[in-house]
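S.K.: Anchor point for the sequence shown: position 289 equals 288 in numbering that gives the first Met the number 0, and the numbering is continuous, going up by one each time. For every residue, glycine included, the Cβ atom is placed at its ideal position computed from N, Cα and C. For reference, the structure I am asking about is given below.
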Amino acid sequence: MYILGINAYHGDAAAALLKDGILVAAAEEERFNRVKHSAGFPSRAIRYCLDEAGISARDIDHIAISRRPVTHLEKEIFFIVSGRPSYSKLIRQRLQTVMEYHDVAEAMTRDVGRGLRAEIHDVEHHQAHLASAFFVSPFGEAALLSLDLFGDFCSTMLGRGRDNRIEVLDKVVFPHSLGLFYTMVTQFLGFPKYGDEGKVMGLAACGEPKYLDEVRDIVRHEPGGLFTLNLDYFTHHVHGVDMSWDEVTPAMAPVYSEKMTDVFGPPRGSDEEITDHHRDIARSLQAALEEAVIHIARRLRETVESENLALAGGVALNCVTNSRLLKETPFENIFIQPAAGDAGTALGAAFYIWNQKLGFPRVYRMGNVFTGPAYSDREIGESLEDAGLRYEIVGDIAGTVANLVADGKIVGFFQGRMEFGPRALGHRSILADPRVAGMRGVLNERIKFREDFRPFAASILEEAVEEWFYWNGPSPYMLFVHAIREEKQGEIPAVVHVDGTCRIQTVGEKEAPLYHSVIKRFGELTGVPIVMNTSFNENEPIVCTPDDAIACFEATKMDALVIGKYLVKKGG
Numbered sequence: 000m001y002i003l004g005i006n007a008y009h010g011d012a013a014a015a016l017l018k019d020g021i022l023v024a025a026a027e028e029e030r031f032n033r034v035k036h037s038a039g040f041p042s043r044a045i046r047y048c049l050d051e052a053g054i055s056a057r058d059i060d061h062i063a064i065s066r067r068p069v070t071h072l073e074k075e076i077f078f079i080v081s082g083r084p085s086y087s088k089l090i091r092q093r094l095q096t097v098m099e100y101h102d103v104a105e106a107m108t109r110d111v112g113r114g115l116r117a118e119i120h121d122v123e124h125h126q127a128h129l130a131s132a133f134f135v136s137p138f139g140e141a142a143l144l145s146l147d148l149f150g151d152f153c154s155t156m157l158g159r160g161r162d163n164r165i166e167v168l169d170k171v172v173f174p175h176s177l178g179l180f181y182t183m184v185t186q187f188l189g190f191p192k193y194g195d196e197g198k199v200m201g202l203a204a205c206g207e208p209k210y211l212d213e214v215r216d217i218v219r220h221e222p223g224g225l226f227t228l229n230l231d232y233f234t235h236h237v238h239g240v241d242m243s244w245d246e247v248t249p250a251m252a253p254v255y256s257e258k259m260t261d262v263f264g265p266p267r268g269s270d271e272e273i274t275d276h277h278r279d280i281a282r283s284l285q286a287a288l289e290e291a292v293i294h295i296a297r298r299l300r301e302t303v304e305s306e307n308l309a310l311a312g313g314v315a316l317n318c319v320t321n322s323r324l325l326k327e328t329p330f331e332n333i334f335i336q337p338a339a340g341d342a343g344t345a346l347g348a349a350f351y352i353w354n355q356k357l358g359f360p361r362v363y364r365m366g367n368v369f370t371g372p373a374y375s376d377r378e379i380g381e382s383l384e385d386a387g388l389r390y391e392i393v394g395d396i397a398g399t400v401a402n403l404v405a406d407g408k409i410v411g412f413f414q415g416r417m418e419f420g421p422r423a424l425g426h427r428s429i430l431a432d433p434r435v436a437g438m439r440g441v442l443n444e445r446i447k448f449r450e451d452f453r454p455f456a457a458s459i460l461e462e463a464v465e466e467w468f469y470w471n472g473p474s475p476y477m478l479f480v481h482a483i484r485e486e487k488q489g490e491i492p493a494v495v496h497v498d499g500t501c502r503i504q505t506v507g508e509k510e511a512p513l514y515h516s517v518i519k520r521f522g523e524l525t526g527v528p529i530v531m532n533t534s535f536n537e538n539e540p541i542v543c544t545p546d547d548a549i550a551c552f553e554a555t556k557m558d559a560l561v562i563g564k565y566l567v568k569k570g571g
């Protein structure tokens, strides 16, 4: 049985395909059309999934869409007609959502292939998030939590998972949202693009929580364990959340009100200098988010007697908050699948149908996340020939990469199947030496061209974590931040953030044998079982194809490209 999950007409459009409850393929549309956070219909991602399985559209048994526009329709209608001055605009937005949803069968036939016979299901947005977290987790039972901006008029969902069932316990609906709270202040700080929240998380470590009391007035903890927003600081409850797609790139108009200016001063322009004032607002925002999520999680733990938490939604990509959850709540184990944002709802919708609706037992547990396309050495060689690049064939890939990185070279590393989710985890990565103090600046100036306050992550052998960090646990998807042991910080200065922490990926030999070997060999050469790892891209989606990798390599000042069995050196 084939089940296709889709996140469509929403940021981070994606597709995931199951065969008899096993994940066969999953990918974001942005990797194929090269538009960051691509919205619209994920036709190329779907075609890839079908090609990977060797099937056509007529072979799909079920299609699961991670939207159910009618879920909170009564609440939406009540809100829209309750005297809001822009209610007609809100109605138009909802009608557009419903029309897009009903377009899926037509879009499948138009873009993917005729002969479609699949039963089409709609799965509520946050139930898809919960399913993406629980049904692929190692837990037999767990507390479940989904937090994001909005989906199907809901921003937060609490639940319980056991075996192949999910039970929804509580939810928070429009206009209250922790995701929107973080986005609003991100916009106010001069970062207006979809997905810029991660920049503010990095900036926060550079400031002090001087405005924490003021920010606490924006998001208020409720006695029952949930929260509300102080809507005086927002405009979305009056004018709606004005989302638009410019050539399928999602964009959102500002949602902060004049109250923000009254309390915090004028908003920062995107081209203005970042001052201590902005850094302190960012730190206060981050602290307030952490407090609110911990508040919710503690209440959830009281309701669900489990040591396990499965977490999803865009807020779950905030790795600083995740780490505080791990250390400051009663949960002993936290699982977050790597595509925790809206791309992951394609995965969740598919598993929701397999497990929850059809009642099949769970037969899949997520290990590695290399579910995207792979390319043969023949295909890679043809791309190199077409680009006119000189190359050599290497027999010892791990040793070659380790030696290059140990020699101070910046290496593009392209191997095997592409990762699913926003993090590069060793198959589409740029690798560098964490021992070189100036390497962060070099990467920013020569490759990434991004803000200098943003930290770089580290990949470490899973067996070496405790030696280097004040922590000893898994972080295979780069979704946790941990403090580096004080005596070790001087050995890896390039990945030490200003607060002495580092976002880490723990690399196991079973899940990523070649990448594990690269890091192990680097450790044998240097005494440091850690490499600096950033995504293989330059202000674009992570590279997908050999042609993408070659174009990025040529457009930047990387020193070498190791792609399949081929080595290309600049000037070679």
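Ignore the nearest five residues each way along the sequence and tell me which others in V122's own chain have a CB closer than 6 Å to its CB.
M.R.: Answer for V122: A63, S65, A348, Y351, listed in chain order.
S.K.: Output needed for H277: all residues of its chain with C-beta closer than 6 Å, excluding positions within five of it in sequence on either side, in chain order.
M.R.: Closer than 6 Å at the Cβ level, and outside the excluded window around H277, lie L188, R267.
S.K.: Looking at the secondary structure, which residues open and close the beta strand (DSSP E) in which I165 lies?
M.R.: Unbroken beta strand (DSSP E) run through I165: 164-172.
S.K.: Could you tell me the distance, in whole angstroms, from the CA atom of Y565 to the CA atom of G358?
M.R.: Those two C-alpha atoms are separated by around 47 Å.
S.K.: With 16 as the cutoff for other CB atoms within 10 Å, does A554 come out buried or exposed?
M.R.: Answer is exposed; the Cβ neighbour count stays below 16.
S.K.: Using the beta-carbon count (16 or more within 10 Å), is P222 buried or exposed?
M.R.: Exposed.
S.K.: Which of helix, strand or coil does DSSP assign to L430?
M.R.: Three-state DSSP puts L430 in a strand.
S.K.: I'd like to check one pair, M251 with M259: are the Cβ atoms closer than 7 Å?
M.R.: It is not a contact, given that the beta carbons lie outside the stated cut-off.
S.K.: Can you look up S176 in the DSSP assignment and give me helix, strand or coil?
M.R.: Residue state, collapsed to three classes: coil.
S.K.: Provide the residue span of the beta strand (DSSP E) that contains M156, from first to last.
M.R.: Unbroken beta strand (DSSP E) run through M156: 153-161.
S.K.: Is the beta carbon of F138 closer than 7 Å to that of N307?
M.R.: Cβ atoms of N307 and F138: closer than 7 Å.
S.K.: What would DSSP say about S37, mapped onto helix, strand or coil?
M.R.: In the structure shown, S37 sits in coil (DSSP, three-state: anything other than H, G, I, E or B).
S.K.: Please state if the CB of S131 and the CB of L148 are separated by a distance shorter than 7 Å.
M.R.: Going by C-beta atoms, L148 is not nearer than 7 Å to S131.
S.K.: With distance defined between alpha-carbon atoms, name the residue in A548, M156, T533 nearest to R298.
M.R.: Among A548, M156, T533, the Cα nearest to that of R298 belongs to M156.
S.K.: Since I believe P473 is in contact with T505 (beta carbons under 8 Å), could you give me their beta-carbon distance rounded to a whole number of angstroms?
M.R.: Confirmed, about 5 Å.
S.K.: Could you name the residues that DSSP lists as bridge partners for Y565?
M.R.: Per DSSP, I392, I562.
S.K.: Are V542 and C551 closer than 7 Å when you measure CB to CB?
M.R.: For V542 and C551, yes; Cβs fall inside 7 Å.
S.K.: Please report the distance separating the alpha-carbon of K569 from that of I459.
M.R.: Each residue's alpha carbon lies about 27 Å from the other.
S.K.: Is it right to say Y514 is buried, meaning 16 or more other beta carbons lie within 10 angstroms of its own, or is it exposed?
M.R.: Buried.
S.K.: CA-CA distance, E466 and I491?
M.R.: Between E466 and I491, the C-alpha separation is close to 13 Å.
S.K.: In chain order, what are the residue ranges of uninterrupted beta strand (DSSP E) at least 3 long that sit wholly in the region 243-287?
M.R.: The qualifying runs are 248-251.
S.K.: Is it buried or exposed for A549, if we count other Cβ within 10 angstroms and need 16 for buried?
M.R.: Per the sequence shown, the amino acid found at residue 549 is Ile instead of Ala. When all chains shown are included, I549 counts as buried.
S.K.: Please determine if the region 150-167 and the region 189-208 are in contact, where contact requires at least 3 C-beta pairs separated by less than 8 Å.
M.R.: The region 150-167 is not in contact with the region 189-208.
S.K.: Out of E29, K35, V34, which one is the CA nearest neighbour of I45?
M.R.: Considering only alpha carbons, the answer is E29.
S.K.: I need the boundaries of the alpha helix (DSSP H) containing G411, first residue and last residue.
M.R.: Premise fails: G411 lies in the beta strand (DSSP E), 410-413, not in any alpha helix (DSSP H).
S.K.: Runs of 4 residues minimum, wholly inside the region 279-361: which ones carry the alpha helix (DSSP H) assignment?
M.R.: Listed in chain order, they are 318-327, 343-350.
S.K.: Determine contact between the region 478-490 and the region 322-337, defined as no fewer than three beta-carbon pairs at a distance below 8 Å.
M.R.: Enough Cβ pairs lie closer than 8 Å, so yes.
S.K.: Starting from H9 and walking both ways along the alpha helix (DSSP H), at which residues does that stretch end?
M.R.: Element bounds for H9: n/a, residue is neither H nor E.
S.K.: Which residues in the same chain have their Cβ closer than 7 Å to the Cβ of R484, if we skip the five residues on either side of it in sequence?
M.R.: Contacts found: W467, F468, Y469.
S.K.: Taking the C-alpha atoms as reference points, what is the distance between M438 and N163?
M.R.: One C-alpha to the other measures close to 47 Å.
S.K.: Would a C-beta distance cut-off of 7 Å place A15 and A463 closer than the cut-off?
M.R.: Their beta carbons are not under 7 Å apart, which means A15 does not touch A463 by this criterion.
S.K.: Is it true that the CB of V314 sits closer than 7 Å to the CB of V34?
M.R.: No, they are not a contact pair.
S.K.: Can you name, in chain order, every residue of its own chain whose Cβ lies under 7 Å from the Cβ of N367, other than the five neighbours on each side?
M.R.: Only E510, A511 meet the Cβ criterion.
S.K.: Report, in whole angstroms, the separation of the C-beta atoms of Y193 and H36, which I expect to be a contact under 8 Å.
M.R.: That belief holds up - the Cβ atoms of Y193 and H36 are roughly 5 Å apart, short of 8 Å.
S.K.: Enumerate in chain order the residues of its own chain whose CB-to-CB distance from F133 is below 7 Å, with the five nearest sequence positions on each side excluded.
M.R.: A141, L143, G160, I165, A309, listed in sequence order.
S.K.: Buried or exposed: which applies to I429, given that a residue is buried once 16 or more other Cβ atoms fall within 10 Å of its Cβ?
M.R.: Per the 10 Å Cβ criterion, buried.
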